[in-house]
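Throughout the sequence shown, residue numbering follows mature numbering (1 follows the signal peptide of the UniProt record, and there is no 0), covering -24 to -1, 1 to 372 in sequence. Cβ coordinates follow ideal geometry from the N, Cα and C atoms, glycine included. These notes concern the structure reproduced below.
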Amino acid sequence: MPIIINTFKVLTAAVLIGAAAACGQPEAPAAVEAPAAAAVDVQVVYKTNIESKRELPGRARAFREAEIRPQVTGLIQSRLFTEGEQVKQGQPLYQIDAAEYAAAVNSARAAVQRAEATAESARQTASRFERLAEINAVSRENLDQAVAAQKQAEADVAIQKAALQRANIDLARTKVTSPIDGQIGRSSVTPGALVTQNQATPLAMVLQLDPIYLDLTAGSSKILGWKRDIAAGRIKSSDGESVAVTIALEDGSTYSEPGRLEFSEVSVDESAGSVIIRAVVPNPDGFLLPGMYVNASFSAGTYDNVFLVPQRAVTRTVKGDPTVMVVGEDGTAEVRNLTIIEASGNDWIVSDGLEDGDKLIIGGLQKVRPGAPVSMVPPMTASTQPAGASATASKH
């Protein structure tokens, strides 16, 4: 028994000494794992040339419009057209009672005949007095009076002929005609109505609708900015070329016929601070009507060597400066500050901050921090193309 007890004490002491030694030594440090690379979607960007589009609201206006007013006074005998039909220049529209004007023509014609007879008598008298004056049978004074009477009678003939011409004009004006080709609207009078010469209320309106005008309204500040961009070379202008206009209708559909810019106002509307830009649009089917609201877009020039960047890839600093993140050569995320020109649909047009071939991070941004490693998934199809291709930018 003494041997067993001693052996147990020795073992117990050895265990206690080993435990004490283990407690006195520090543990070996655990290995630190590197952070996992965040998976991101990328898009490779290249410089490109982008058409700068302008979108402006506007109203359709008739290419020509004529207010039909009577030029003589009388009763409307008949209306010679169907409301809404196409009429030609010179086509009769109304017939005014012409009896009074026909009588005036007959009276003027008779006055001409009487004046001509008087003039003939005066010529014969002057001729006779001239022969008598040669043999001193009449005085020089009587000859002069005869010659003067002849000239006066000839002048009366001219006056009466002018009166006859005027009477014929009035008679012709009893038939009211269209001064232009176009579509005639609603008649404001019916047969039997009394109309007066050059009255304030038109009898009808004739509108030429093919082609048709579009009056587009642009703020003067937009026009000023546009001109500054062209002057600074940020936009390459297409001076001397006809600028095409695309028309969007009120229901959102696109009108089939493209228009052309014609001119812009040379002054600013003081009350609205706007400038009118006019376009001419073919309207063969009469689909566009005066007063119709439209949106028109046209090219204001071209931005050269710029980038198209998806708007969802752009973030803002606390100061509002735009930034993006790209994948650097070492596989980590880098921050780039951008210079944005304008919007183009769902993209931004960027002039500075990127280089050809940059791998732009467009997805998974919430998992990425500057300097952190990233893992690129197969890049999405880029909306931009290598330099030489072109795209379109829209500016409202």
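When DSSP assignments are scanned along the stretch 63 to 114, the uninterrupted stretches of beta strand (DSSP E) that are 3 or more residues long and fall wholly within it turn out to be 68 to 72.
Taking a cut-off of 8 Å for Cβ pairs, the stretch 73 to 80 and the stretch 110 to 128 do not touch, as fewer than three such pairs fall below it.
The shortest C-alpha to C-alpha distance from TRP202 to any of ALA98, ALA122, ARG30 and ALA134 is the one to ARG30. The three-state secondary structure of ILE156, taken from DSSP, is coil. In this structure, VAL221 and PRO234 form a Cβ contact; the two beta carbons are roughly 6 Å apart against a cut-off of 8 Å. With respect to the 7 Å criterion, SER351 and ALA15 are classified as neighbours on the basis of their beta carbons.
Here the alpha carbons of VAL344 and ASN322 stand approximately 23 Å from one another.
About 16 Å separates the Cβ atoms of ARG254 and LEU183, ruling out a contact at the 8 Å cut-off.
Looking at the DSSP output, LYS151 bridges to GLN71. In this structure, the alpha-carbon of GLY161 lies about 11 Å from that of ILE44.
For ARG142, the three-state secondary structure derived from DSSP is helix. Taking the Cα positions, LEU170 is about 18 Å away from PRO68. For GLN65, the number of other beta carbons within 10 angstroms of its own is below 16, and it is reported as exposed.
Taking all protein chains in view, the Cβ of THR166 is surrounded by fewer than 16 other Cβ atoms within 10 Å, so the residue is classified as exposed. At the C-beta level, VAL88 and LEU51 stay beyond 7 Å of one another. Secondary structure at GLY201: helix, using DSSP grouped into helix, strand and coil.
Taking C-beta atoms as the reference points, VAL303 and VAL18 count as a pair closer than 7 Å. Non-local beta-carbon contacts of VAL270 in its own chain, meaning distances under 8 Å to residues more than five positions away in sequence, involve PRO33, GLY34, ARG35, ALA36, LEU190, ILE223, ALA224, LEU225, GLU226, TYR231 and LEU264 in chain order.
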